[in-house]
Amino acid sequence: MAGLDELFKQIPTGDIARRLGADEGEVTDAVHTLVPLLVGGLRQNASDPGHAASIENAAGNHAASGLLDGGVSVDQVDETDGSKAVAKIFGGNDSTQVAAALSGGGAGNGDLIKRLLPILAPIVLAYLGKQLSQRSAGSGGGGLGDVLGGILGGVLSAGQSGGGQGGGLGDILGGLLGGKR
821 MAGLDELFKQ IPTGDIARRL GADEGEVTDA VHTLVPLLVG GLRQNASDPG HAASIENAAG
881 NHAASGLLDG GVSVDQVDET DGSKAVAKIF GGNDSTQVAA ALSGGGAGNG DLIKRLLPIL
941 APIVLAYLGK QLSQRSAGSG GGGLGDVLGG ILGGVLSAGQ SGGGQGGGLG DILGGLLGGK
1001 R
């Protein structure tokens, strides 16, 4: 089962850093924070059958775009589409709102997060689409939730097992997706 490490390898952090005029180390750190959040947000949304069908469709379209073929070219990433995907993944919150919530939670530079999310969302969706097509082509079976859970590989549960201390990926997602009231 493919996981986050394989997904991270698909993301050209050096190219993204150059495009954004940002420090590559800072971009790499932010990518390692944001990608699990994007996958976790997709997984949360996939629990609703209507959203699951929409995610599968978007993932299939992004995979078919060839974005991951031969390595990701940052210039091929449709940031406008990425912004729309971010809003759908995070319950109507746009990149600015998500960045504000994340930077307030200690996830890093809010401006960098805001600029990275629309670049990362299409890459994550394309990767998900590839995993779904490989899964359905093989005999492994399993649905969208299984694939997303496999990519996360326990990150959500590790973030939530703090003995009631709060924090972690689950709390951030809960806040962005309306889980906190």
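Every position in the sequence shown, counted from 1, becomes a number in the numbering used here once 820 is added. Here a beta-carbon is modelled for each residue, glycine too, at the ideal position from N, C-alpha and C.
- Pairwise C-beta distances place the segment 887-896 in contact with the segment 832-843, as three or more of them are shorter than 8 angstroms.
- CA-CA distance, Arg955 to Glu876, rounds to 13 angstroms.
- Taking C-beta separations shorter than 6 angstroms and ignoring five residues to either side along the sequence, the partners of Leu948 in its chain run Ala879, following chain order.
- Gly973 sits in coil when the DSSP states are folded into three classes, being neither helix nor strand.
- By the beta-carbon neighbour count (other beta carbons within 10 angstroms, threshold 16), His852 is exposed.
- Beyond the five residues adjoining it in sequence on each side, Leu940 comes within less than 8 angstroms, by CB distance, of Ile831, Val851, Leu854, Val855, Leu858, Gly902 in the same chain, given in chain order.
- A direct Cα-Cα distance of roughly 7 angstroms separates Ala872 from Leu964.
- Check the Cα spacing between Gly845 and each of Leu888, Asn929, Lys908, Leu952: the tightest is with Asn929.
- Judged by DSSP in its simplified three-state form, Asp914 adopts coil rather than helix or strand.
- Residues of the same chain with a CB within less than 7 angstroms of the CB of Asp889, apart from the 5 flanking positions on each side, do not exist.
- Between the alpha carbons of Pro942 and Ala907 lies a distance of about 12 angstroms.
- Between the beta-carbon of Ala883 and that of Lys950 there is about 5 angstroms, and that keeps the pair under the 8 angstroms contact cut.
- The criterion of a C-beta distance shorter than 8 angstroms is not satisfied by Lys934 and Ala921.
- Cα atoms of Asn881 and Thr900: separation of roughly 15 angstroms, rounded to the nearest angstrom.
- Leu968 has its alpha-carbon roughly 13 angstroms from the corresponding atom of Ile909.
- Distances from the CA of Asp868 to each of Val944, Gly970, Gly911 were compared; the closest alpha carbon is that of Gly911.
- With a 10 Å radius around the Cβ and a threshold of 16 neighbouring Cβ atoms, Gly870 comes out exposed.
- If you compare the alpha carbons of Leu936, Gln864, Thr916 with that of Asp835, the shortest gap goes to Leu936.
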